[in-house]
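Residues 1 to 562 (UniProt numbering) are what the sequence shown spells out, left to right.
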Amino acid sequence: MYFIHFQVLFLMLIPSFILMYLIITKQSKLTSYFSKNALNKLSVSNQYFSNKARNITLFLSLIFMIIALARPVTNEKINDIEAELNAVVIAIDVSKSMNAIDIYPNRLEFAKKKILDIIDTSKTEAIGVILFAKSSFLLSAVTQDLTSIKLLINNLDTGINFDNGTNIFSTLETTQKLLKDFSSKNLILLTDGADNTDFEKEIGFANKNKINVYTLALGTPQGSVIKLNDGNFLTDKNGDIVNVKLNESIKELSLKTNGGYINYTLDNRDINQILNDINSKSQKEKFDNTKYKSYTELFYYPLAFGIFLLLIAFSSLPTFTKNKSSLSILLLSLIFISNSNLNASSIFDFNTIKEANNAYEKEEYEKASNEFKKLDSNESRDYNLANSYYKDNKFKEAIELYKNIQTSNNDLEFKRLHNLANSYAKNKDFQNAIKNYEEALKLKNDQNTRENLELVKKLLENKNKKQEQNDKEDKQEKENKDTKEKEQKKEKKQKNDSKNQENRNQEKSEETQKEKKEEDRKQEIMSDYEEQKWLKDLESQKTNSLLKKMESSNEDSISNPW
Numbered sequence: 001m002y003f004i005h006f007q008v009l010f011l012m013l014i015p016s017f018i019l020m021y022l023i024i025t026k027q028s029k030l031t032s033y034f035s036k037n038a039l040n041k042l043s044v045s046n047q048y049f050s051n052k053a054r055n056i057t058l059f060l061s062l063i064f065m066i067i068a069l070a071r072p073v074t075n076e077k078i079n080d081i082e083a084e085l086n087a088v089v090i091a092i093d094v095s096k097s098m099n100a101i102d103i104y105p106n107r108l109e110f111a112k113k114k115i116l117d118i119i120d121t122s123k124t125e126a127i128g129v130i131l132f133a134k135s136s137f138l139l140s141a142v143t144q145d146l147t148s149i150k151l152l153i154n155n156l157d158t159g160i161n162f163d164n165g166t167n168i169f170s171t172l173e174t175t176q177k178l179l180k181d182f183s184s185k186n187l188i189l190l191t192d193g194a195d196n197t198d199f200e201k202e203i204g205f206a207n208k209n210k211i212n213v214y215t216l217a218l219g220t221p222q223g224s225v226i227k228l229n230d231g232n233f234l235t236d237k238n239g240d241i242v243n244v245k246l247n248e249s250i251k252e253l254s255l256k257t258n259g260g261y262i263n264y265t266l267d268n269r270d271i272n273q274i275l276n277d278i279n280s281k282s283q284k285e286k287f288d289n290t291k292y293k294s295y296t297e298l299f300y301y302p303l304a305f306g307i308f309l310l311l312i313a314f315s316s317l318p319t320f321t322k323n324k325s326s327l328s329i330l331l332l333s334l335i336f337i338s339n340s341n342l343n344a345s346s347i348f349d350f351n352t353i354k355e356a357n358n359a360y361e362k363e364e365y366e367k368a369s370n371e372f373k374k375l376d377s378n379e380s381r382d383y384n385l386a387n388s389y390y391k392d393n394k395f396k397e398a399i400e401l402y403k404n405i406q407t408s409n410n411d412l413e414f415k416r417l418h419n420l421a422n423s424y425a426k427n428k429d430f431q432n433a434i435k436n437y438e439e440a441l442k443l444k445n446d447q448n449t450r451e452n453l454e455l456v457k458k459l460l461e462n463k464n465k466k467q468e469q470n471d472k473e474d475k476q477e478k479e480n481k482d483t484k485e486k487e488q489k490k491e492k493k494q495k496n497d498s499k500n501q502e503n504r505n506q507e508k509s510e511e512t513q514k515e516k517k518e519e520d521r522k523q524e525i526m527s528d529y530e531e532q533k534w535l536k537d538l539e540s541q542k543t544n545s546l547l548k549k550m551e552s553s554n555e556d557s558i559s560n561p562w
């Protein structure tokens with residue numbers, strides 16, 4: 001037998017023995033002030049345990065609990081766990097033809113959903129992910145960390161402009177690189193089949209390297225137009241709108257490479273058939289070998305005995321004699337217990353934190369702010385409270401909190417500066433926003449921060465140009481006013497007919513100025529609209545996944561713009 005946490009014995013057991021000795025041997029100071037008879041009247045009575053016996057019982061209970069905390073064990077064994085999984089590479093076609101809308105909302109978004117379904121359904125697969133168009137891009141190597149792959153897929157920006165064309169040969173080469181050390185190689189293609197009709201070269205490469213190709217066909221025989229990001233439809237070189245149909249010729253690639261071909265379904269029947277076929281044909285590979293220790297636990301013996309002694313000690317609590325002294329002792333005890341509860345209340349701050357976080361997730365930002373205010377001020381609480389103010393459009397309050405947070409954590413300091421700059425931008429204080437974005441970039445070269453900085457600089461530049469234009473117009477208006485006063489003095493000296501003519505000219509001038517001011521007001525409304533649109537984009541922008549372009553010995557020769 002030995003103790004897993006043997007240091008507990010030195011840190012807690014020895015001080016407990018010393019404390020027990022001091023308490024048991026210490027004489028009460030009351031003996032120097034009261035006689036024995038007086039002490040008997042002031043003391044509580046107990047027919048079972050003396051105070052010394054009760055203290056010894058409590059300390060023995062403590063000692064056994066400390067021994068249990070040190071975790072005594074016996075019969076140590078070392079066990080091995082080997083995970084056996086199928087290695088699968090999933091390749092998504094990201095060419096322009098995947099923007100066709102014959103599948104809702106389009107083929108590419110539907111393919112992303114299918115990958116997430118494959119990950120959720122997979123139980124015995126290690127997965128890697130490739131994107132391919134004219135070239136192949138590695139999104140994730142083969143891994144058991146399926147949670148990370150889901151995060152990458154969810155953050156994949158489908159608006160990226162990939163090279164035109166569809167190069168499946170490059171995808172096979174990348175698959176070979178990822179699975180070169182595996183005996184069973186499986187590739188799942190999520191594609192509309194591209195434009196090739198002859199896949200002999202791809203079939204030869206797949207069979208040579210023993211790659212089983214499974215195709216999940218995404219598209220309809222009737223086809224569909226390709227909707228671009230600007231809302232227009234893709235046209236060919238003659239200006240005709242392109243209609244892209246499902247290319248079923250790719251079926252030959254799957255059937256001749258020991259794989260399978262299946263059309264998409266709205267449920268999971270398609271991916272279940274593919275995964276079942278892979279599990280039946282493939283030889284599982286051994287992945288990480290995990291070692292762990294097992295013991296026969298003994299802690300519950302000293303723990304049970306310690307609890308037993310504790311119950312004996314508490315069951316022997318004294319009864320109070322019916323006199324005023326006993327009542328005083330009871331009142332003092334109640335006061336002590338009350339004060340102890342007040343001091344211990346801070347232990348339950350986690351309930352407040354939980355309520356605040358739940359309210360924040362439900363977008364009840366005012367409630368979240370009120371809950372965070374109940375907590376003691378610290379860098380984490382102030383940061384979360386400032387975020388709640390920001391989400392509740394209380395930008396001035398958020399700015400004050402962000403400014404006063406002091407932390408030695410570089411990551412938190414970067415987030416504070418980034419969010420402070422966003423708050424200034426929301427509050428239209430672009431100069432301070434630029435200053436804090438630049439400070440944040442000194443700590444971390446973040447793409448979002450840099451893009452926000454450039455956008456705010458453009459807004460500030462537009463604002464300054466607008467101010468200069470207003471100043472110029474004010475100056476011109478002042479000059480016109482001075483000229484007008486001079487003309488009025490001159491008018492007094494002229495004849496009535498000349499004065500009437502000048503009045504008509506003045507009315508015409510005022511009408512022109514009115515039209516100009518109306519035009520300026522329309523431009524100002526448009527500028528405010530563009531600014532609000534940018535601020536909304538600033539809030540909703542999404543982090544792109546990192547992609548690695550893979551080299552290929554075969555370039556796609558298809559010249560179609562999809």
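We put the beta carbon where it would ideally sit given N, CA and C, even for glycine. Just so we're clear, the structure is a prediction, and the values are computed from it rather than from any experiment.
Next on the checklist: Let's see if you can read the secondary structure: which residues bound the beta strand (DSSP E) around M65?
Outcome noted: In the sequence shown, counting from the first residue as 1, residue 65 sits at position 65. Segment 51–69 is the alpha helix (DSSP H) holding M65; no beta strand (DSSP E) there.
Checklist entry - Run through DSSP, which three-state label would D230 get? => result Walking along the sequence shown from the start, residue 230 turns up at place 230. Three-state DSSP puts D230 in coil, outside helix and strand.
Next on the checklist: Please give me, in chain order, every unbroken run of the beta strand (DSSP E) with length at least 3 that falls completely inside the stretch 187–232.
Outcome noted: 211–217
Checklist entry - If you draw a straight line from the alpha carbon of K322 to that of T25, how long is it in whole angstroms? => result Taking the sequence shown and counting its residues from 1, the one referred to as residue 322 is at position 322. Taking the sequence shown and counting its residues from 1, the one referred to as residue 25 is at position 25. Note that K322 has pLDDT 45, beneath the 50 cutoff, so the model's placement of it is unreliable and no number is given.
Checklist entry - Residues bridged to A87 by DSSP? => result Along the sequence shown, one-based indexing puts residue 87 at 87. Partner(s): A126.
Next on the checklist: Could you give the first and the last residue of the continuous alpha helix (DSSP H) run that contains residue 644?
Outcome noted: The question about residue 644 has no answer, for the chain in this structure spans 1 to 562.
Checklist entry - Since I130 contacts T191 with CB under 8 Å, what's their CB separation in whole angstroms? => result Position 130 of the sequence shown, counting from 1, holds the residue named residue 130. Position 191 of the sequence shown, counting from 1, holds the residue named residue 191. Incorrect: roughly 11 Å between the Cβ atoms, too far for contact.
Item to check | First through last residue of the beta strand (DSSP E) which encompasses V142 | outcome: Position 142 of the sequence shown, counted from the start, is the residue given in the question as residue 142. Start and end: 136–143.
Checklist entry - Does the stretch 202–210 come within contact of the stretch 252–262, defined as at least 3 CB pairs closer than 8 Å? => result yes
Next on the checklist: Measuring only the C-alpha atoms, how far is L385 from N358?
Outcome noted: Indexing the sequence shown from 1 puts residue 385 at position 385. Indexing the sequence shown from 1 puts residue 358 at position 358. The alpha-carbon atoms of L385 and N358 are separated by roughly 13 Å.
Checklist entry - Under the rule that 16 or more other beta-carbon atoms within 10 Å means buried, what is T74, buried or exposed? => result Translated into positions along the sequence shown, residue 74 becomes position 74. Exposed, because fewer than 16 other Cβ atoms sit within 10 Å of the Cβ of T74.
Checklist entry - So, are the CB atoms of A398 and S423 less than 7 Å apart? => result Stepping through the sequence shown from its first residue, residue 398 is reached at position 398. Stepping through the sequence shown from its first residue, residue 423 is reached at position 423. Yes.
Item to check | K185 versus R381, E125, Q144, residue with shortest Cα-Cα distance | outcome: In the sequence shown, residue 185 corresponds to position 185, counting from 1. That would be E125, whose Cα lies nearest to the Cα of K185.
Checklist entry - F132 and N167 look like a contact to me (Cβ under 8 Å); what is the Cβ gap, rounded to whole Å? => result Here residue 132 refers to the residue found at position 132 of the sequence shown. Here residue 167 refers to the residue found at position 167 of the sequence shown. About 6 Å separates the two Cβ atoms, so the contact holds.
Next on the checklist: Is the separation between the beta-carbon of M20 and that of I66 shorter than 7 Å?
Outcome noted: For the purposes of this step, residue 20 is identified with residue 20 of the sequence shown, where counting begins at 1. For the purposes of this step, residue 66 is identified with residue 66 of the sequence shown, where counting begins at 1. Contact flag unset, no.
Checklist entry - Touch check for the stretch 476–494 and the stretch 445–458: three-plus C-beta pairs under 8 Å? => result no
Item to check | Identified DSSP bridge partners for G260 | outcome: Taking the sequence shown and counting its residues from 1, one reaches residue 260 at position 260. For G260, which the question treats as bridged, DSSP gives the partners Y214.
Checklist entry - Which residues bound the beta strand (DSSP E) around K548? => result For the purposes of this step, residue 548 is taken as residue 548 along the sequence shown, with counting starting at 1. First-last of the beta strand (DSSP E) with K548: 548–550.
Checklist entry - Mapping DSSP to helix, strand and coil, what is Y104? => result Here the question's residue 104 lines up with position 104 in the sequence shown. Three-state result, Y104: coil.
Next on the checklist: Suppose the cutoff is 8 Å on Cβ atoms and the five residues either side in sequence are ignored; what does the same chain contact list for N243 look like?
Outcome noted: Sequence index remark: in the sequence shown, residue 243 carries index 243 (1-based). The answer, listed in chain order, is G223, S224, V225.
Checklist entry - If you follow the alpha helix (DSSP H) that L156 is part of, which residue opens it and which one closes it? => result Within the sequence shown, residue 156 is the residue found at index 156, counting from 1. No alpha helix (DSSP H) holds L156; DSSP gives it neither H nor E.
Checklist entry - Looking only at its own chain, which residues have a Cβ that is under 7 Å from the Cβ of P15, when we skip the five neighbours before and after it? => result Walking along the sequence shown from the start, residue 15 turns up at place 15. Here the set comprises nothing.
Next on the checklist: Bridge partners for F132 per DSSP, in chain order?
Outcome noted: In the sequence shown, counting from the first residue as 1, residue 132 sits at position 132. BP columns for F132 point to D93, S136.
Next on the checklist: Using a Cβ-Cβ cutoff of less than 8 Å, which residues in the same chain neighbour T121 once the five nearest sequence positions on both sides are dropped?
Outcome noted: For this step, residue 121 is matched to residue 121 along the sequence shown. N268, I271, N272, L275.
Checklist entry - By the 10 Å Cβ neighbour count, where 16 or more other Cβ atoms means buried, how is A68 classified, buried or exposed? => result On the sequence shown, residue 68 is found 68 positions in, with the first residue counted as 1. Buried, since its Cβ has 16 or more Cβ neighbours within 10 Å.
Checklist entry - Quick one, are the C-beta atoms of N79 and S294 less than 7 Å apart? => result One-based indexing of the sequence shown puts residue 79 at position 79. One-based indexing of the sequence shown puts residue 294 at position 294. Yes, the Cβ-Cβ distance between N79 and S294 is below 7 Å.
Item to check | Outcome for F314 when other beta-carbon atoms lying within 10 angstroms are tallied against a minimum of 16 | outcome: In the sequence shown, residue 314 corresponds to position 314, counting from 1. Exposed.
Checklist entry - Do L85 and V142 come within 7 Å of each other at the CB atom, strictly closer than that value? => result For the purposes of this step, residue 142 is identified with residue 142 of the sequence shown, where counting begins at 1. For the purposes of this step, residue 85 is identified with residue 85 of the sequence shown, where counting begins at 1. No, Cβ-Cβ distance for V142 and L85 is not below 7 Å.
Item to check | Beta carbon of K465 nearer than 7 Å to that of F137 | outcome: Position 465 of the sequence shown holds residue 465. Position 137 of the sequence shown holds residue 137. Contact flag unset, no.
Checklist entry - If you run the structure through DSSP and keep just helix, strand and coil, what is F6? => result Within the sequence shown, the letter at position 6 stands for residue 6. If DSSP states are grouped into helix, strand and coil, F6 belongs with coil.
Checklist entry - For S280, which of T265, G259, Q7 has the nearest alpha-carbon? => result What you label residue 280 is simply residue 280 of the sequence shown in a count that begins at 1. Closest by alpha carbon: G259.
Next on the checklist: In whole angstroms, give me the CA-to-CA distance for K324 and L298.
Outcome noted: Taking the first residue of the sequence shown as 1, we reach residue 324 at position 324. Taking the first residue of the sequence shown as 1, we reach residue 298 at position 298. Bear in mind that the predicted position of K324 carries a pLDDT of just 46, short of 50, making it unreliable; the figure below should be weighed with that in mind. Distance between the alpha carbons of K324 and L298: 49 Å.
Item to check | Inter-residue CB distance, K114 and L156 (contact presumed, cutoff 8 Å) | outcome: The residue labelled residue 114 in the question sits at position 114 within the sequence shown. The residue labelled residue 156 in the question sits at position 156 within the sequence shown. The pair is not a contact, with the Cβ atoms about 13 Å apart (cut-off 8 Å).
Item to check | Best match in D392, K442, K428, D382 for proximity to N410 [C-alpha to C-alpha] | outcome: Position 410 of the sequence shown, counted from the first residue, corresponds to residue 410. Comparing Cα-Cα distances from N410 to each of D392, K442, K428, D382, the minimum goes to K442.
Checklist entry - Considering only the beta carbon of each residue, do F395 and R381 sit closer than 7 Å? => result Here residue 395 corresponds to residue number 395 of the sequence shown, with the count starting at 1. Here residue 381 corresponds to residue number 381 of the sequence shown, with the count starting at 1. No, Cβ-Cβ distance for F395 and R381 is not below 7 Å.
Checklist entry - Roughly how many angstroms separate the alpha carbons of F3 and I56, rounded to a whole number? => result Position 3 of the sequence shown, counting from 1, holds the residue named residue 3. Position 56 of the sequence shown, counting from 1, holds the residue named residue 56. Using only the alpha carbons, I get a separation of about 25 Å.
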